[in-house]
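Please read the structure below before turning to the comments.
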Amino acid sequence: MSADTIKLRLAGVGKRFAVAGKPDAVAVDDFSLDIRQGEFLVVVGPSGCGKTTVLNVLAGLDTATAGTVTIDERPIAGPGPDRGVMFQDYALFPWQTVRGNVGFGLKYGPAGASLSTAARNERIAHTIDLVGLKGSEDKYPHQLSGGMRQRVALARLIANEPDVLLMDEPLAALDAQTRTILQDELLRVWGQDRPASERRTVVFITHAIDEAVFLADRIAVMTAHPGRLKTIVDNPLPRPRTDATRALPEFQALVQRIWSLIRDEAYRATVA
Amino acid sequence: MSAATTLPGSAQGAGALRGRRALLGAALPVALLLLWQVLGTLSADPRMPLPSKIVAAAVTMIADGELPMAIVQSLGRVFAGFVVAALLAIPLGLAMGYSRAVERNVDPLVETFRPIAAIAVLPLAILWLGTGTSAAIAIVAYAAFFPLVVNTVAGARNVPPTLLRAAATMGLRKFTTVRTVVVPAALPQIGVGLRIAMGVGWTAIVAAELAVGAKAGGGGSGGIGQMMFVFYAYSIELNRIIVCMLAVGLVALLLDRILRWALARLMPWSAR
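These protein sequence lines map, in sequence, to chains R and C. Quick note on numbering: the first sequence equals residues 1 to 272 in my numbering. Quick note on numbering: the second sequence equals residues 1 to 272 in my numbering.
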């Protein structure tokens with residue numbers, strides 16, 4: 001597959017919610033965006049701009065009230081294992097251990113259907129190792145810190161090896177150090193060391209602009225009320241990106257540029 | 001554990017305090033028992049039950065195996081009825097809690113029968129099933145069914161939606177989702193239902209055996225309720241009736257403790 005193949009397409013997507021006794025609330029309006037195969041796309045915007053709605057529509061958890069959404073040119077009709085989701089609240093199963101949570105989709109979903117039990121266990125162990133949870137395999141979610149839970153959620157998403165990874169502020173609850181480490185991990189898992197054709201497609205929501213600049217191939221900037229796509233910023237920073245990347249003047253310049261795009265609205269959203 | 005809340009070095013003092021509290025707590029019951037014994041002895045009625053006679057009766061009834069036999073017989077019926085109720089109520093409750101359509105159709109029926117006490121169904125049970133064990137099991141099953149259904153429905157309906165969404169994005173089939181997400185999420189509430197059902201079933205068996213005893217005229221089907229009926233209607237032994245009452249209460253307490261222990265073992269993730 002060429003790197004320019006369109007993986008996900010949002011065309012004129014709108015989402016309205018009925019509000020009793022009032023005109024419909026518009027969460028997202030006329031949103032059009034093509035996401036390329038193997039691309040790391042980050043969506044930023046002020047709170048309430050409909051970022052999560054866009055992600056849920058891609059996941060098939062929400063249906064758009066206008067426009068079309070497709071994956072590989074087929075319309076998205078509902079959730080499916082080709083699009084893994086990492087939820088804002090992690091959505092871990094409290095009755096499963098770390099191992100059970102990470103292996104949940106492999107065991108009960110189609111993701112592990114073609115694998116032998118040994119291969120499945122091997123992948124689970126490998127993924128747990130990857131996110132740095134080795135030694136905590138038998139713990140339950142309530143025994144873990146917020147950062148560790150987030151790692152479990154990340155490991156569960158990765159273990160299923162979906163074509164598309166949809167991530168809703170996955171690192172928001174972490175302290176700065178853990179966050180930096182997991183950003184590096186995420187890029188490695190996504191495949192920044194591999195040729196573009198072997199990478200998975202990622203749609204990643206954040207409100208942290210430096211995170212967006214560090215991770216993204218392109219950054220979609222949204223505005224609120226109603227949620228619209230304001231602009232798409234190409235990110236020319238070279239890969240693989242490392243700690244050195246964060247120190248580049250270009251990195252800071254890009255952060256500043258995106259901040260200037262959403263600053264007015266972010267202030268308005270905060271003051272209002 | 002509670003020593004941690006007292007000052008260091010005062011463990012002995014805390015122990016003494018606890019001993020004194022226990023003594024104070026026991027003072028009132030002991031005084032009442034003494035009063036009962038004294039007033040009962042003063043009264044001329046030879047049938048007046050007395051604490052001393054009750055203890056003596058209990059010793060004889062346990063020694064000759066009469067009481068343990070009756071309890072085992074009643075327990076067997078409770079267990080059988082309990083299992084029948086669980087096999088019917090838990091799947092039905094899960095279906096009702098998971099699917100609005102099922103609930104809309106079944107709920108009115110359940111709610112119509114729920115207020116009809118098990119004892120009110122007894123005449124039909126005796127006419128159809130006779131005065132033997134099957135009528136007793138049917139009564140227990142009927143009584144235990146309702147608290148189990150109601151609690152299972154509540155548990156299945158309150159599964160966190162984000163967990164169901166997570167399962168959907170991993171491509172789980174509906175039945176697998178019920179088995180691996182709805183059931184474990186509802187398990188604490190089902191456990192509450194099981195405990196209530198066990199208590200209700202035990203209450204129902206005593207009532208049913210009493211009533212069946214009246215119908216069968218002493219030569220009935222056995223069990224603790226039947227035994228109480230014989231002491232009431234034929235030999236008129238009030239002390240023995242009170243022994244049976246105490247036994248019913250103690251067995252119920254024991255059953256609940258066993259069930260709680262088993263449920264805690266079944267749900268290691270909900271441990272403190």
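For each residue, glycine too, the CB sits at the ideal point set by N, CA and C. Just so you know, these numbers come straight off a predicted model, no measurement behind them.
Kindly list the residues whose CB is nearer than 6 Å to the CB of residue i, restricted to its own chain and excluding five residues on each side of it in sequence; keep chain order.
i      : result
C:A118 : I139, Y142, A143, A204
R:L254 : V213
C:E209 : G223, G225, Q226
R:R9   : D34, T70
Between which two residues does the alpha helix (DSSP H) carrying residue i extend?
i      : result
C:M227 : 224-233
R:D243 : 243-247
R:M148 : 146-159
R:T68  : Segment 66-71 is the beta strand (DSSP E) holding R:T68; no alpha helix (DSSP H) there.
C:S52  : 51-63
C:D107 : 100-113
R:V189 : 176-190
C:M245 : 238-266
R:S197 : That residue, R:S197, is in no alpha helix (DSSP H); it is neither H nor E in DSSP.
C:S270 : No alpha helix (DSSP H) contains C:S270, which DSSP labels as neither H nor E.
Out of the options, state which residue places its alpha-carbon closest to the alpha-carbon of residue i.
i      : options                        : result
R:L186 : R:M148, R:G135, R:G21, R:L154  : R:L154
R:M167 : R:R9, R:G103, R:V85            : R:V85
R:P170 : R:V202, R:E198, R:A196         : R:V202
C:L109 : C:F146, C:V243, C:G132         : C:F146
R:T242 : R:R188, R:V28, R:H225          : R:R188
C:D107 : C:A120, C:R21, C:G93           : C:G93
C:W261 : C:V192, C:T152, C:V78, C:R240  : C:V192
R:Y90  : C:V121, C:N105, C:P161, C:I54  : C:P161
R:D175 : R:A119, R:M148, R:D129, R:A20  : R:M148
C:L255 : C:P49, C:M61, C:T60, C:V78     : C:V78
R:D34  : R:A220, R:K51, R:G21, R:H207   : R:A220
C:V55  : C:A135, C:A186, C:N239         : C:N239
C:R114 : C:V150, C:G130, C:V102, C:T133 : C:V150
R:E198 : R:V26, R:G227, R:A172, R:P162  : R:P162
Can you grab the Cα-Cα spacing for the pair residue i / residue j, in whole Å?
i      : j      : result
C:L127 : C:I196 : 28 Å
C:Q189 : R:W95  : 14 Å
R:Q177 : R:D4   : 34 Å
R:I329 : R:A111 : The requested residue 329 of chain R is not part of the displayed model; chain R covers only 1 to 272.
C:A14  : C:P29  : 24 Å
C:M96  : R:T53  : 30 Å
C:L259 : C:L75  : 14 Å
R:R218 : R:D264 : 22 Å
R:K15  : R:G60  : 13 Å
R:A125 : C:S99  : 36 Å
C:A156 : R:F87  : 22 Å
C:A27  : C:L33  : 10 Å
R:A216 : R:G146 : 25 Å
R:Q143 : R:K107 : 23 Å
C:T169 : R:P81  : 6 Å
R:F31  : C:A264 : 50 Å
C:I90  : C:L148 : 7 Å
C:R257 : C:W202 : 14 Å
C:T152 : C:V72  : 29 Å
C:A86  : C:A120 : 21 Å
R:V98  : R:L92  : 9 Å
C:S270 : C:A154 : 18 Å
Hey, quick one: how far does the beta strand (DSSP E) through residue i stretch, first residue to last?
i      : result
R:T201 : 201-205
R:I232 : 228-234
R:V44  : 40-44
R:F31  : 25-36
R:T223 : 218-223
R:M86  : 83-86
R:M167 : 164-168
R:F17  : 6-17
Please return the same chain residues whose Cβ sits closer than 8 Å to the Cβ of residue i, not counting the five positions on each side in sequence.
i      : result
R:R246 : D210, F214
R:R151 : V131, G132, L133, L182
R:P13  : The sequence given here has Val at residue 13 of chain R, not Pro. Cβ within range, chain order: V28, D30, F31, S32, V54, V57, A64, A66, G67, T68, V69.
C:L129 : A135, A138
Got a sec? Which residues, its chain only, sit under 7 Å from residue i by beta carbon, not counting five neighbours each side?
i      : result
R:F251 : V213, L237, T245
R:T127 : V102, A155, I158, A159
R:A18  : D24
R:T223 : G45, C49, K230, E265
R:R268 : none
R:R36  : A3, D4, T5, I6, K7
R:Y193 : The sequence given here places Asp at residue 193 of chain R; Tyr does not occur at that position. Here the set comprises P240.
Quick check: the segment 184-201 of chain C against the segment 77-90 of chain C, are there 3 or more CB pairs under 8 Å?
yes
Three CB pairs or more closer than 8 Å across the segment 69-88 of chain R and the segment 38-48 of chain R
no
For the structure I just gave you, are there three or more beta carbon pairs, one from the segment 126-139 of chain R and one from the segment 56-71 of chain R, closer than 8 Å?
Here the segment 126-139 of chain R makes no contact with the segment 56-71 of chain R; the two share fewer than three CB pairs at distances below 8 Å.
Tell me, please, whether the segment 173-190 of chain C touches the segment 111-121 of chain R by the rule of three or more beta-carbon pairs shorter than 8 Å.
no
Check whether the segment 29-44 of chain C and the segment 231-240 of chain C touch, using three or more Cβ-Cβ pairs below 8 Å as the test.
no
Is it the case that the segment 243-250 of chain C contacts the segment 160-168 of chain C, given that we only count it when at least three CB pairs across the two stretches are under 8 Å?
no
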